[in-house]
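Asks: In this note's numbering, the protein residues as written are 61 to 136.
(1) Compute the Euclidean distance between the alpha carbons of residue 64 and residue 121, then round it to the nearest angstrom.
(2) Please confirm whether residue 77 and residue 83 have their CB atoms less than 8 Å apart.
(3) Does DSSP classify residue 61 as helix, strand or coil?
(4) Along the chain, where does the alpha helix (DSSP H) that runs through residue 101 open and close?
(5) Between residue 89 and the ligand ATP, is the CB less than 7 Å from at least one heavy atom?
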């Protein structure tokens, strides 16, 4: 989906909000926009790791925390 499509989905979601708490969180994000430049402050390796994780998530190659605990229980 294009960025414009994503923006439209967000706008529609915001318009449908009825509870004040969710809207307050959106407002907080707007106010803290200037603090979101942390991406530029991390290393290329950190950015790469985050991007890889995001791609894995979008591809559905993730495990729930409970599943991971079962898989790695003997090491925990």
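Here a beta-carbon is modelled for each residue, glycine too, at the ideal position from N, C-alpha and C.
Replies: So, to answer that:
(1) 26 Å
(2) yes
(3) coil
(4) Counting along the chain, residue 101 falls outside any alpha helix (DSSP H), and DSSP gives it neither H nor E.
(5) Because no ligand of any kind appears in the structure shown, any question about the ligand ATP cannot be addressed here.
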